[in-house]
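For what it's worth, this note's numbering labels the leading residue of the sequence shown as 35, then goes sequentially. Yeah, the Cβ is synthetic: ideal placement off N, Cα and C, and Gly gets one too. Note that this is a predicted model, so its numbers are computed, not measured.
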Amino acid sequence: MSVFTIADLHLPGNEGSKKSMEIFGSRWVGGIDKLKRNWNAIVSQDDFIIIPGDISWAMTLEEAYNDFVLLNSLPGTKIIGKGNHDFWWATASKMYKFFEDNKFTTLKILYNNSFVIENRMICGSRGWFAEEANQKTVGDVSWTKITDRETMRLKMSLESNTDLTDIEKIVFLHFPPVWNDTVCNDIIDLLHTHNVTKCYYGHIHGMYSSDANFEYEGIKFELISADYLDFCPKKIIL
Numbered sequence: 035m036s037v038f039t040i041a042d043l044h045l046p047g048n049e050g051s052k053k054s055m056e057i058f059g060s061r062w063v064g065g066i067d068k069l070k071r072n073w074n075a076i077v078s079q080d081d082f083i084i085i086p087g088d089i090s091w092a093m094t095l096e097e098a099y100n101d102f103v104l105l106n107s108l109p110g111t112k113i114i115g116k117g118n119h120d121f122w123w124a125t126a127s128k129m130y131k132f133f134e135d136n137k138f139t140t141l142k143i144l145y146n147n148s149f150v151i152e153n154r155m156i157c158g159s160r161g162w163f164a165e166e167a168n169q170k171t172v173g174d175v176s177w178t179k180i181t182d183r184e185t186m187r188l189k190m191s192l193e194s195n196t197d198l199t200d201i202e203k204i205v206f207l208h209f210p211p212v213w214n215d216t217v218c219n220d221i222i223d224l225l226h227t228h229n230v231t232k233c234y235y236g237h238i239h240g241m242y243s244s245d246a247n248f249e250y251e252g253i254k255f256e257l258i259s260a261d262y263l264d265f266c267p268k269k270i271i272l
């Protein structure tokens, strides 16, 4: 049994996405076919795959049906988190009912909770991109409120298994809490509080240099966006 991870699949939804990801580079051409080919080649039914956000362009669960059909057909158990483009995301109870009704038996949700796999605790939340100048938000947005909410969600995830004290915690965020000269100190402080030393993040596209993987205050950060990985899930636990 192994654990893999990959973010930002940007699957098209039932009607097909009107947004082309090719503006972020040629790696996106034929991305879904590459994903299926690579996934089937290296992932087995006993493996786990963490997908922290931007899974589908769909606006509702129903519109994301075909994307879930695809994910469910691939080997392994998929643990999915929320990204900034996952507008189809609903309450956990509604999503699990939708999965049950449609026999999507291999899909799990990482949201205010955690999973223990091979004596490691899988934690995460969406997080928030602290570089305000690079955000494309509509209307008057309170960065403080969003950061506070996402920090609380990550705290709930990190503290969801209180009976497990001597266990490594690995965090998966959609947004990087550190990028260029901008740092989301609330999330960094929380990672330190829980002795987290490994954090995987997505959201960033068109960045194919080694600079995407770095260490900050003793925490190792690795980019796992689908285009960065060339649509091949990254094995992180053997």
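Look at W62 here: in three-state DSSP terms it is helix. For Y234, the three-state secondary structure derived from DSSP is strand.
At a Cβ-Cβ threshold of 7 Å, F265 and N72 count as neighbours. For S243, the three-state secondary structure derived from DSSP is coil. Around the C-beta of D81, 16 or more other C-beta atoms lie within 10 Å, and the residue is accordingly described as buried. Note that the segment 54-71 does not touch the segment 245-253; fewer than 3 beta-carbon pairs, one per stretch, sit closer than 8 Å. No Cβ-Cβ contact shorter than 7 Å links L141 with K116. Of I221, A41 and S194, the smallest CA-CA separation from D261 is found for A41. In the structure shown, A92 falls within a coil segment according to DSSP collapsed to helix, strand and coil. Apart from sequence neighbours up to five positions away, the residues of its chain that approach S194 with a beta-carbon distance below 8 Å are N146, N147, S148 and C157, ordered along the chain. Looking at the DSSP output, L198 shares a beta bridge with no other residue. Annotation for I151: no alpha helix (DSSP H) segment contains it, though the beta strand (DSSP E) segment containing it runs F149 to I151. When secondary structure is reduced to three states using DSSP, K68 falls in the helix class.
I258 and T196 have their C-alpha atoms roughly 28 Å apart. S90 sits close to L45, with the two beta carbons spaced by under 7 Å.
In this structure, P267 sits away from F102, with a CB-CB distance that is not shorter than 7 Å.
About 6 Å separates the beta carbon of R160 from that of E184, a gap short enough to meet the 8 Å contact definition. If the five residues before and after P210 are omitted, its C-beta is found closer than 6 Å to the C-beta atoms of Y235, all from its own chain and listed in chain order. Only residues of its own chain outside the window of five on either side were considered, and among them L95 have a CB closer than 8 Å to the CB of K128, listed in chain order.
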